[in-house]
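Below: one structure, written as structure tokens.
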Amino acid sequence: MTGFGRAETDLPGSGRAAVEIRSVNHRFLEVDCRLPEGFQAFEESVRAMMGRAMNRGQVRVSVSLRGAREPATVVFQEKLARKYHHQLEGLRKRLKIPGGVSLETLLGLPQVVTVTERNGASAVSLWKPVERAVSQALASAVKMRRAEGGRLEKALRQRIEIFEDLTGRIRQRVPAAQAELRKRLAERIETALQQAGKEIPAGEILAREAAAQVQATDVNEELERLASHFVALRSAVAGRAIKSSPGRTLDFLAQELQREVNTLGTKLRDPEISRWVVEFKGQIEKMREQAANVE
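First residue of the sequence shown: 1209, per my numbering; consecutive thereafter.
Right, here's the structure in full:
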């Protein structure tokens, strides 16, 4: 699920820290930390905080500091530059090279310019307030993810209601579909006997074939398993499934629904039921897409 959180905090002495946390859908939990120089030692702590709050998602944690450390000091070594200039001018004249020695040339020579880092507050002393800011940003991101989860739960409940409605229509249509199949079977047997030119009583053959056809088109078990899957789906959506992987639970149940619906379509070769089966499969695919976002 997607989420965003931001927090800022004052730092000891001077400066502020800004923390941003962004998460998008992902099958597993992946955390990308972007910390200031010197804070790399706290990366595992940040990852652990994300892991305690989220089970899946691609999460980016960005921490930036403003004014927390004193700026670097730039020093020009003038005496050394004069020596370089004197020697370069002598060399230029001896080689009879026109022009003069430029400032740009001197600045590029070793040790003419030195940069001194001035140590301000250490990363260790700054970590506690930064950690609090990370916690605040994480709480905001989790809140947004939970809001999305609520909307997703509502959509999944509506999807289950559609499944139940389609199953009810199929259940009601089964007797008529079986009667149509028996009628077509009887017509085929009668036609086959007539074409063979045999005057054999077809009653016993019809009864036997009709019984076999009814058994072959019996879908009570499939309908009962679908009803059982609907109960499991409601439990998963309500959060009573395995807490570590409810999304995977929903995906597994979607596969089971697909299996039962395929069997219904194979056994009951009825135009009306076939249309509902196609619609059922489309709804299952939509649920699988939603399940990929469930944490």
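Even for Gly, the Cβ is constructed at its ideal location relative to N, Cα and C.
Query: According to DSSP, is SER1231 helix, strand or coil?; Result: strand
Query: With respect to the beta strand (DSSP E) encompassing GLN1266, which residues constitute its N-terminal and C-terminal limits?; Result: 1265-1274
Query: Taking the continuous beta strand (DSSP E) assigned at THR1425, which residues delimit it?; Result: Where THR1425 is concerned, there is no enclosing beta strand (DSSP E), given that its DSSP letter is neither H nor E.
Query: Please go through the same chain and pick out, in chain order, the residues whose beta-carbon is closer than 6 Å to the beta-carbon of ARG1214, but skip the five residues on each side of it.; Result: GLU1228, ALA1345
Query: Ignore the nearest five residues each way along the sequence and tell me which others in VAL1350's own chain have a CB closer than 6 Å to its CB.; Result: ALA1261
Query: Mapping the DSSP letters down to three states, classify ALA1449 as helix, strand or coil.; Result: Caution applies to ALA1449, whose pLDDT of 49 falls short of 50 and renders its modelled position unreliable; the model cannot decide the point.
Query: Should VAL1271 and MET1258 be called a contact, given that it needs their Cβ atoms to be closer than 7 Å?; Result: no
Query: Could you say if the stretch 1474-1488 and the stretch 1296-1314 meet the contact criterion of at least three C-beta pairs nearer than 8 Å?; Result: no
Query: Just the C-alpha distance for ARG1392 and THR1474, rounded to the nearest angstrom, thanks.; Result: 17 Å
Query: Are at least three pairs of beta-carbons, each pair with one atom in the stretch 1239-1252 and one in the stretch 1331-1340, less than 8 Å apart?; Result: yes
Query: If you draw a straight line from the C-alpha of LEU1303 to the C-alpha of HIS1293, how long is it?; Result: 15 Å
Query: How big is the Cα-Cα spacing for VAL1254 and GLU1238?; Result: 12 Å
Query: So, helix, strand or coil for THR1210, using DSSP?; Result: coil
Query: When we look at the beta-carbon of ASN1428 and count the other beta-carbons within 10 Å, is it buried (16 or more) or exposed?; Result: exposed
Query: In terms of alpha-carbon separation, which member of PRO1454, ILE1492, TRP1484, PRO1479 lies closest to ARG1467?; Result: ILE1492
Query: CB MET1209 to CB ARG1367, shorter than 7 Å?; Result: no
Query: Please classify ILE1441: does DSSP put it in a helix, a strand, or coil?; Result: The amino acid occupying residue 1441 in the given sequence is Leu; Ile does not appear at that position. In the structure shown, LEU1441 sits in a helix (DSSP, three-state: H, G or I).
Query: How would you label VAL1512, buried or exposed, when you count the other beta carbons within 10 angstroms and need 16 or more for buried?; Result: Because the chain is modelled from 1209 through 1503, residue 1512 falls outside the range shown and cannot be assessed.
Query: Would you give the residue range spanned by the beta strand (DSSP E) that ARG1477 belongs to?; Result: Unbroken run through ARG1477: none, as it is neither H nor E.
Query: Got a sec? Which residues, its chain only, sit under 7 Å from ASP1478 by beta carbon, not counting five neighbours each side?; Result: ARG1381, ALA1385, GLU1388
Query: What is the DSSP secondary structure of PHE1371, counted as helix, strand or coil?; Result: helix
Query: Could you check which residue in ALA1394, ILE1378, ARG1264, THR1217 has the C-alpha nearest to that of LEU1434?; Result: ILE1378
Query: With a threshold of 6 Å on Cβ separation, who are the neighbours of GLU1464 within its own chain once the five nearest residues in sequence on each side are excluded?; Result: HIS1437
Query: By the 10 Å Cβ neighbour count, where 16 or more other Cβ atoms means buried, how is SER1333 classified, buried or exposed?; Result: exposed
Query: Please classify GLU1216: does DSSP put it in a helix, a strand, or coil?; Result: strand
Query: Whole angstroms are fine: how far does the CA of ALA1256 sit from the CA of VAL1321?; Result: 43 Å
Query: In the DSSP assignment, find the alpha helix (DSSP H) that holds VAL1309 and state where it starts and stops.; Result: Here VAL1309 belongs to no alpha helix (DSSP H), and DSSP marks it neither H nor E.
Query: If we ignore side chains and look at the alpha-carbon of each, how far apart do ARG1326 and GLY1265 end up?; Result: Low confidence applies to ARG1326: its pLDDT is 46, below 50, so where it sits in the model is not reliable enough to give any reading.
Query: Hey, quick one: how far does the alpha helix (DSSP H) through LEU1288 stretch, first residue to last?; Result: 1286-1302
Query: By how many angstroms is the C-alpha of THR1375 removed from the C-alpha of TRP1484?; Result: 9 Å
Query: State the Cα-Cα distance for the pair ASP1218 and MET1352, rounded to the nearest angstrom.; Result: 25 Å
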